[in-house]
Amino acid sequence: MSPSETRPPETEGGPHVRHGGSWDLLGSEISVLFRRRRTWAMLVAVALIPILLAVAVRLSSSTLDPGEGPPFLDRVTQNGLFVGFTAMVVAIPLFLPLTIGVVAGDTIAGEAGLGTLRYLLVAPAGRVRLLLVKYAGAALFCLVATLTLTVSGALVGAALFPVGPVTLLSGDTISVTESLLRSLLVAAYVTVSLLGLAMIGLFISTLTDVPVGAMAATIVVSVIAQILDVIPQLDWLHPWLFSHYWLGFADLLRQPLDLGSFAHNAILQAGYLAVFGALAYSRFVTKDILS
Amino acid sequence: MTGAGTGAHQAQGLAIETRALTKKFGSQTAVNGIHLRVPRGAVFGFLGPNGSGKTTSIRMLLGLTQASSGSISVLGQSMPTRLSEVLPRVGALVEGPAFYPFLSGAANLRRLDTADPFAPRRTRRARVQGALERVGLSHAAEKKVHAYSLGMKQRLGIANALLLPRELLVLDEPTNGLDPQGTREVRSLVRSLAAEGTTVFVSSHLLAEVEQMCTHAAVMSVGSLVAQGTLAALRQVGETRVHLRTPDAAGALRVLTRLGLEPARATNDAADAVVVAPLGDTNWQPEAIVTALVAGGVRIRGFAIEEPSLEERFVALTGEGFDVAQ
Ligand SMILES: Nc1ncnc2c1ncn2[C@@H]1O[C@H](COP(=O)(O)OP(=O)(O)OP(=O)(O)O)[C@@H](O)[C@H]1O
Ligand SMILES: [Mg+2]
């Protein structure tokens, strides 16, 4: 501790210079998120889903009848490009929401649990800026998780099965290149599907200082939404559930391309972003930081 | 008192001023209408027993929690309304350090530095390096924080407050968990910062520490501010005393009484007694008292003039009881 080098405080009350720090904080948030072993473990697990699926199908001798098992599974042996689609269908109801629940539930509550929230806020990160950066990080994770699944599916599918022009649900055939573009479109669809849940997670995360609680609550919310979605008596509610269009990406596998469900889904998710974003904002800007 | 920081003492208003600042948690009043006045350039000791409301006050000063009532101004601006202008000029350590255990010390500081919109990216690495050097952590800079000891984390917390030159430092128990060297270094660090003109607001319950580094102090008790002022003024209320060790207790009592003092035996050991006498408003010089004692045939083993200690004042203000007040 040499008592020499710091200069005297800057001119009192004088205007300080901003340095475009928002991007710095976002960069730091992303690097902290993706430097955590937990994040990598979840991405590895996501990548393993298509791998397990492909290996299981490859090793089993029995052939599936069309329509048996998850959608597209029966087509996998004929065309490896279906591995990714099948894996997506398998991962959407539980596994992807689980990883989003962990990341989004951790956003604010994780910082509160570590105590770093108070240091971020006295830095001062600004409460609104911190919420935005945290949400951007969670949204980026949604994208990375679905892309991981898509890329892993394409690679393992190509490695274990024949790859060729893909016959779509509508009966038309598209080239390999176009089918890869379609799988990116599916990844985009699923990413958008998860954005509403991520915002719900962010809101729940502002309610507590215990990250595990926020994570569990977010996951439970996604499970409940899907349960409600299969109760016929509640069909008036179904179009309002954030999980309602989760499996609707089959429309992206038709010719001509039907973007209707993509748009519906996007509008619904935007509604969730607005509502839960507003809730998270109103909760967090007035919250007493006692952690 | 060591005169720390008095050189840089500028009477240019208040760094912190609160008016009737109150914080209630449900029915409990954690901070009860305090009027803090921290002059610029001061090293201000914020004293009080456990649970007296120090950290709660600091959280309100920094805009982490909302006051139930009352107002705050920090560096001349009202808080929390002008938070985004005030906080870049303030460095803080609040209720112990907190870091990402899976990042290295240096990476932690860089992370927190990005949260400050006024911290230039260009100089970030150099500033982090400099702050780590200042707290003696250069060698552990790349070590993960989960492998840090308590004192190392505390030092890292102080380094975080020093990432930029600050006008005000708010340090909540900065020497908690530090070894004697660390404690001394924090003291000298605080003095050097004060000499550069930084106002330092430091909460503590270590009175000796406050006596050694502060120019001003305030005492909290059960949520209320029971005293505040310069250290000298706070101590003045106590008494300066003669403290004498002698085998001739009876003679000493006689001589001191003749000088107009009111001596009392502090121990009953006849062969090696301790006699204590408040100087009161008599104007005896110590050497005159010693001369009188020697002339009266009293053998002196030890003689001292005891300045009133902050501890006595503190105990008088906050009570003897050990139990945490509710
Ligand atoms: N989150 C909270 N909810 C309810 N009461 C609280 C909370 N935080 C603090 N308190 C109460 O407020 C009072 C003051 O606490 P505070 O942490 O400010 O004390 P302190 O002076 O910093 O003590 P210490 O020297 O132990 O750090 C205590 O009685 C405590 O029980
Ligand atoms: Mg405290």
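Protein chains in written order, with the working numbering: chain A, 1 to 291; chain B, 1001 to 1326. From the three backbone atoms N, C-alpha and C, an ideal C-beta is built for every residue, glycine too.
Residues of its chain near residue i, where Cβ-Cβ distance is below 7 Å and the 5 sequence neighbours each way are ignored
i, result
"Leu-1317 (chain B)", "Val-1219, Ser-1221, Val-1226 and Ala-1227"
"Arg-1019 (chain B)", "His-1035, Gly-1070 and Ser-1071"
"Leu-98 (chain A)", "Ile-219"
"Met-1 (chain A)", "Low local confidence applies: a pLDDT of 43 at Met-1 (chain A) is under 50, so the model's placement there is unreliable, with the coordinate-based value given in what follows. Answer for Met-1 (chain A): no residue qualifies."
"Pro-1286 (chain B)", "Ile-1305"
"Ile-30 (chain A)", "Gly-137 and Leu-140"
"Leu-1162 (chain B)", "Gly-1091, Ala-1131 and Arg-1134"
"Trp-1284 (chain B)", "Leu-1259"
"Ala-1292 (chain B)", "Val-1255 and Leu-1259"
"Arg-1124 (chain B)", "Arg-1110 and Asp-1113"
CB-CB length for residue i against residue j, believed under 8 Å
i, j, result
"Ile-1300 (chain B)", "Leu-1244 (chain B)", "7 Å"
"Leu-117 (chain A)", "Ser-291 (chain A)", "6 Å"
"Ile-1289 (chain B)", "Leu-1259 (chain B)", "7 Å"
"Phe-85 (chain A)", "Val-186 (chain A)", "7 Å"
"Gly-213 (chain A)", "Ile-100 (chain A)", "In fact, because the Cβ distance is near 16 Å, the residues do not count as touching under 8 Å."
"Leu-149 (chain A)", "Val-46 (chain A)", "5 Å"
"Met-215 (chain A)", "Gly-105 (chain A)", "3 Å"
"Leu-1075 (chain B)", "Pro-1039 (chain B)", "That pair is no contact at about 12 Å."
"Ala-1098 (chain B)", "Leu-114 (chain A)", "6 Å"
"Leu-1231 (chain B)", "Val-1202 (chain B)", "About 13 Å separates the two Cβ atoms, so there is no contact after all."
"Leu-1169 (chain B)", "Val-1200 (chain B)", "5 Å"
Proximal residues to residue i (C-beta, below 8 Å), its chain only, five neighbours per side dropped
i, result
"Gln-269 (chain A)", "Val-192, Ser-193, Leu-195, Gly-196 and Phe-242"
"Asn-1032 (chain B)", "Thr-1022, Gly-1053, Val-1222, Gly-1223 and Ser-1224"
"Arg-1155 (chain B)", "Val-1135, Gly-1136, Leu-1137, Leu-1178 and Gly-1182"
"Asp-209 (chain A)", "Ala-109, Ala-112, Gly-113, Leu-290 and Ser-291"
"Trp-240 (chain A)", "Leu-268"
Buried or exposed (CB count within 10 angstroms, at least 16 for buried), residue i
i, result
"Gly-27 (chain A)", "exposed"
"Asp-172 (chain A)", "exposed"
"Glu-12 (chain A)", "Summary for Glu-12 (chain A): the model assigns pLDDT 36, below 50, so the residue's position carries little reliability; its value from the coordinates is reported in the next sentence. Its Cβ having fewer than 16 others within 10 Å, Glu-12 (chain A) is exposed."
"Thr-1056 (chain B)", "buried"
"Ile-289 (chain A)", "buried"
"Asp-1281 (chain B)", "exposed"
"Phe-1025 (chain B)", "exposed"
"Val-133 (chain A)", "buried"
"Ser-1027 (chain B)", "exposed"
"Val-230 (chain A)", "exposed"
"Thr-146 (chain A)", "buried"
"Ala-1126 (chain B)", "exposed"
"Arg-1313 (chain B)", "buried"
"Glu-1185 (chain B)", "buried"
"Ile-227 (chain A)", "exposed"
"Ala-1217 (chain B)", "buried"
Closest Cα partner of residue i within the set the options
i, options, result
"Leu-59 (chain A)", "A:Ser-282, A:Pro-71, A:Phe-284 and A:Val-76", "A:Val-76"
"Val-44 (chain A)", "A:Leu-96, A:Pro-70 and A:Ala-56", "A:Leu-96"
"Phe-72 (chain A)", "A:Val-32, A:Leu-130, A:Ile-30 and A:Val-166", "A:Val-166"
"Leu-1103 (chain B)", "B:Gly-1130, B:Gly-1319, B:Phe-1314 and B:Lys-1143", "B:Lys-1143"
"Lys-287 (chain A)", "B:Ser-1068, B:Glu-1185 and B:Ala-1250", "B:Ser-1068"
"Pro-1165 (chain B)", "B:Pro-1180, B:His-1139 and B:Thr-1198", "B:Thr-1198"
"Ile-267 (chain A)", "A:Trp-23, A:Tyr-189, A:Leu-132 and A:Leu-181", "A:Tyr-189"
"Val-90 (chain A)", "A:Val-144, A:Val-103, A:Pro-70 and A:Arg-36", "A:Pro-70"
"Leu-279 (chain A)", "A:Thr-208, A:Ile-204 and A:Ser-152", "A:Ile-204"
"Glu-1095 (chain B)", "A:Asp-74, A:Ala-87 and A:Tyr-119", "A:Tyr-119"
"Gly-277 (chain A)", "A:Gln-255, A:Leu-131, A:Val-144 and A:His-264", "A:Leu-131"
"Cys-142 (chain A)", "A:Leu-234, A:Ile-92, A:Gly-260 and A:Leu-207", "A:Ile-92"
"Leu-1047 (chain B)", "B:Ser-1204, B:Val-1294 and B:Arg-1187", "B:Ser-1204"
"Cys-1214 (chain B)", "B:Asn-1268, B:Val-1043 and B:Thr-1029", "B:Val-1043"
"Gly-1319 (chain B)", "B:Thr-1029, B:Pro-1049, B:Gly-1045 and B:Gly-1041", "B:Pro-1049"
"Trp-23 (chain A)", "A:Arg-129, A:Gln-226 and A:Ala-217", "A:Arg-129"
"Arg-1235 (chain B)", "B:Arg-1082, B:Ser-1309 and B:Gly-1045", "B:Ser-1309"
"Thr-39 (chain A)", "A:Leu-25, A:Ala-87, A:Val-103 and A:Ala-54", "A:Val-103"
6 Å Cβ shell around residue i - same chain, five flanking residues per side excluded
i, result
"Arg-127 (chain A)", "Phe-284 and Val-285"
"Val-295 (chain A)", "Outside the displayed range of chain A (1 to 291) lies residue 295 (chain A), so it cannot be described from this structure."
"Ser-1017 (chain B)", "Checking the sequence, you will find Glu at residue 1017 (chain B) rather than Ser. Here the set comprises Arg-1037 and Ser-1073."
"Leu-1253 (chain B)", "Pro-1263"
"Pro-1101 (chain B)", "Val-1145 and His-1146"
"Ala-1266 (chain B)", "Val-1274 and Val-1276"
Cβ-heavy atom distance, residue i to ligand 3, below 7 Å
i, result
"Gln-1028 (chain B)", "For ligand 3, the structure offers nothing, since it holds only ligand 1 and ligand 2."
Does the stretch 245 to 259 of chain A come into contact with the stretch 127 to 139 of chain A, if we say contact requires no fewer than three beta-carbon pairs (one atom in each stretch) closer than 8 Å? no
Does the stretch 1108 to 1121 of chain B touch the stretch 1146 to 1154 of chain B, meaning 3 or more C-beta pairs lie closer than 8 Å? no
Using 8 Å as the threshold, is the stretch 67 to 86 of chain A in touch with the stretch 150 to 160 of chain A, meaning 3 or more CB pairs across them? Flag = yes, the stretch 67 to 86 of chain A and the stretch 150 to 160 of chain A touch.
The stretch 105 to 121 of chain A contacting the stretch 46 to 61 of chain A, beta-carbon criterion three pairs below 8 Å: By the Cβ rule, the stretch 105 to 121 of chain A does not count as touching the stretch 46 to 61 of chain A, because fewer than three pairs are nearer than 8 Å.
Would you check if the stretch 1156 to 1175 of chain B and the stretch 1201 to 1209 of chain B touch, i.e. whether three or more CB-CB distances between them fall below 8 Å? yes
The stretch 1058 to 1065 of chain B touching the stretch 1083 to 1090 of chain B, judged by at least three CB pairs closer than 8 Å: yes
Taking a cut of 7 Å between CB atoms, which residues from the stretch 114 to 129 of chain A lie near chain E? Although the question refers to chain E, the structure presented lacks it and instead comprises the protein chains A and B.
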